[in-house]
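Structure record follows, encoded as structure tokens.
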Amino acid sequence: MAKPELLAPAGNLAKLKCAFRFGADAVYVGGKAFSLRAFADNFTDEELAEGISYAHARGKKVYVAANIFARNGDLSALAEHFRTLEGLGADAVLVSDLGALSVCREAAPALPVHISTQANVTNARAAAVFAALGASRVVLARELSLGEIARIHAENPVLELEAFVHGAMCISYSGRCYLSDYLDGRPANRGACVQACRRAYRIRSEGKDGWCDLEEDGRGTYVMNSKDLNMSAHLSELAAAGVCSFKIEGRMKSEYYLATVVNAYRRILDGGWSEQLAAETECAAHRAYTTAYAFGENHDTVLSDGSQEEGTCTFIAVVKDYREGRVFVEMRNRFRTGDVLEILSPSDAFLKSVRVEEMLDGEGRPCADASFVQGVYSFPCPYPLAEGDILRRRR
Numbered sequence: 001m002a003k004p005e006l007l008a009p010a011g012n013l014a015k016l017k018c019a020f021r022f023g024a025d026a027v028y029v030g031g032k033a034f035s036l037r038a039f040a041d042n043f044t045d046e047e048l049a050e051g052i053s054y055a056h057a058r059g060k061k062v063y064v065a066a067n068i069f070a071r072n073g074d075l076s077a078l079a080e081h082f083r084t085l086e087g088l089g090a091d092a093v094l095v096s097d098l099g100a101l102s103v104c105r106e107a108a109p110a111l112p113v114h115i116s117t118q119a120n121v122t123n124a125r126a127a128a129v130f131a132a133l134g135a136s137r138v139v140l141a142r143e144l145s146l147g148e149i150a151r152i153h154a155e156n157p158v159l160e161l162e163a164f165v166h167g168a169m170c171i172s173y174s175g176r177c178y179l180s181d182y183l184d185g186r187p188a189n190r191g192a193c194v195q196a197c198r199r200a201y202r203i204r205s206e207g208k209d210g211w212c213d214l215e216e217d218g219r220g221t222y223v224m225n226s227k228d229l230n231m232s233a234h235l236s237e238l239a240a241a242g243v244c245s246f247k248i249e250g251r252m253k254s255e256y257y258l259a260t261v262v263n264a265y266r267r268i269l270d271g272g273w274s275e276q277l278a279a280e281t282e283c284a285a286h287r288a289y290t291t292a293y294a295f296g297e298n299h300d301t302v303l304s305d306g307s308q309e310e311g312t313c314t315f316i317a318v319v320k321d322y323r324e325g326r327v328f329v330e331m332r333n334r335f336r337t338g339d340v341l342e343i344l345s346p347s348d349a350f351l352k353s354v355r356v357e358e359m360l361d362g363e364g365r366p367c368a369d370a371s372f373v374q375g376v377y378s379f380p381c382p383y384p385l386a387e388g389d390i391l392r393r394r395r
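All residue numbers for the sequence shown refer to the numbering used here, where the first residue is 1 and numbers rise by one.
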């Protein structure tokens, strides 16, 4: 059985390069229109061309999301967008809408089509229909168990199945949400979600003495705030069920988050799960974790206090260069001479530590305190680090 694909989010070109550096086999991105992450930086056509060229030169793939629920007025522009993606050599386009799928097959017949999780594929017959309409892959609904996935695969052995393995989850069924539009006038199904479900809510009950609040504490209750998905300990079970692509959520997340999570999953895929690698998923900010519905019905997926854990490490600096035994870094959080920093890297330097000594600032002057945001600093390092490696500090 072929090793499953590791698929990472890329909200912009820098994140695309970061994802590939830390081990992603493919990324999913959005153009400036038609994507369900309208508030990400997203890609111009020129940036898409650069990103696709960058990926293909490294044997990687780029999938482009065009997964809004289209209106009549979108169809002509969608057709042009699909033709552009076909011409650029995109490896696939993700769609949710049947009309968009039809337009794509007509306008860009050579462009592979993946069906977005927004399409709510929860059974084998639905998967078969999308395959018959020309889709080569289905991104499964997040509500499925391993057993249900296995049945879909058994009845559609040629169809590729993709599943989310890590990241934020939507409280609505496969992301089909109208709450954002209702409360804020920003339609989630057209890419403008404001995550209204993450807010604190209060339930009111009408009794003989009028209305009274029902609440867990003085702040209200986070009845629609979902935990984050983490399937890092169960990748082999997903693969056995027929999943060929493991998808990480997070086109809005930082490069540090992306590097941390992609690096952990890459190493688990290549060498197997371990406690040490499991701990890596704790290093970046996240909500409490859940395996969602992989093992059946689960009533413990809501994060009732609304909190997000800050992570066990602080992002300190990104490596810009290494020469003559010195590492040159761009500061992200303050550090000082004497601090011990840990290395996040796809290389063998991963988890090695370096003590900051003999530090120089960007002008080559001795410096004891790296306090200038995005300032460049250098200090001796025994490990030959590469551009894009990250230094972090344990909390």
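Ideal Cβ placement from N, Cα and C applies to all residues, glycine included.
TODO: Return the chain-ordered list of same chain residues with a C-beta closer than 7 Å to the C-beta of Arg-334, the five sequence neighbours on each side being excluded.
DONE: Ala-370 and Ser-371
Open item on the list: Just list the residues that DSSP pairs Met-331 with in beta bridges.
Closed with: Ala-317
Open item on the list: Please list the terminal residues of the continuous beta strand (DSSP E) segment that includes Asn-230.
Closed with: 228 to 230
Task: Minimum Cβ-Cβ distance from Arg-198 to chain B less than 8 Å - done: No chain B is part of this structure, which consists of one protein chain only.
- [ ] Give me the Cα-Cα distance between Phe-295 and Ser-136, rounded to the nearest whole angstrom.
- [x] 27 Å
TODO: Would you mind stating whether Arg-393 and Ile-343 have Cβ atoms separated by less than 8 Å?
DONE: no
Open item on the list: Is it buried or exposed, Glu-255, if we count other Cβ atoms within 10 angstroms and call 16 or more buried?
Closed with: buried
Open item on the list: Does the structure place the segment 23 to 30 close enough to the segment 40 to 47 that three or more beta carbon pairs sit under 8 Å?
Closed with: yes
Open item on the list: Output needed for Lys-17: all residues of its chain with C-beta closer than 7 Å, excluding positions within five of it in sequence on either side, in chain order.
Closed with: Tyr-54
- [ ] Could you round the C-beta distance between Val-121 and Ala-141 to whole angstroms and report it? I think they count as a contact, below 8 Å.
- [x] 6 Å
- [ ] Find out if the Cβ-Cβ distance for the pair Asn-225, Leu-161 is shorter than 8 Å.
- [x] no
Task: Residue interval of the alpha helix (DSSP H) (run including Phe-379) - done: Unbroken run through Phe-379 is the beta strand (DSSP E), 376 to 380; no alpha helix (DSSP H).
TODO: In the DSSP assignment, find the alpha helix (DSSP H) that holds Lys-3 and state where it starts and stops.
DONE: Looking at the DSSP string, Lys-3 is not in any alpha helix (DSSP H), and its letter there is neither H nor E.
TODO: To the nearest angstrom, report how far apart Glu-330 and Arg-21 are at their CA atoms.
DONE: 18 Å
Open item on the list: I'd like the list of long-range same chain contacts for Val-103, defined as Cβ closer than 7 Å, with 5 residues on each side in sequence excluded.
Closed with: Leu-75, Leu-78, Ala-79 and Phe-82
TODO: Measure the beta-carbon distance from Tyr-377 to Met-359 and round it to whole angstroms, keeping in mind my assumption that it falls under 8 Å.
DONE: 6 Å
TODO: Locate the alpha helix (DSSP H) running through Gly-147, then write down its first and last residues.
DONE: 146 to 155
TODO: With DSSP collapsed to three states, give me the class of Asp-416.
DONE: In this structure the chain extends from 1 to 395, so residue 416 is not present and cannot be described.
- [ ] Pick out whichever of Phe-164, Ala-163 and Val-93 has its Cα sitting closest to the Cα of Gly-134.
- [x] Val-93
TODO: Could you name the residues that DSSP lists as bridge partners for Pro-9?
DONE: Tyr-28
Open item on the list: Buried or exposed for Asp-25, going by 16 or more other Cβ atoms inside 10 Å?
Closed with: buried
- [ ] Within its chain, find whatever has a CB closer than 8 Å to the CB of Ala-398; leave out the 5 residues flanking it on each side and keep chain order.
- [x] No answer is possible for residue 398: it lies beyond the span of the chain, which begins at 1 and ends at 395.
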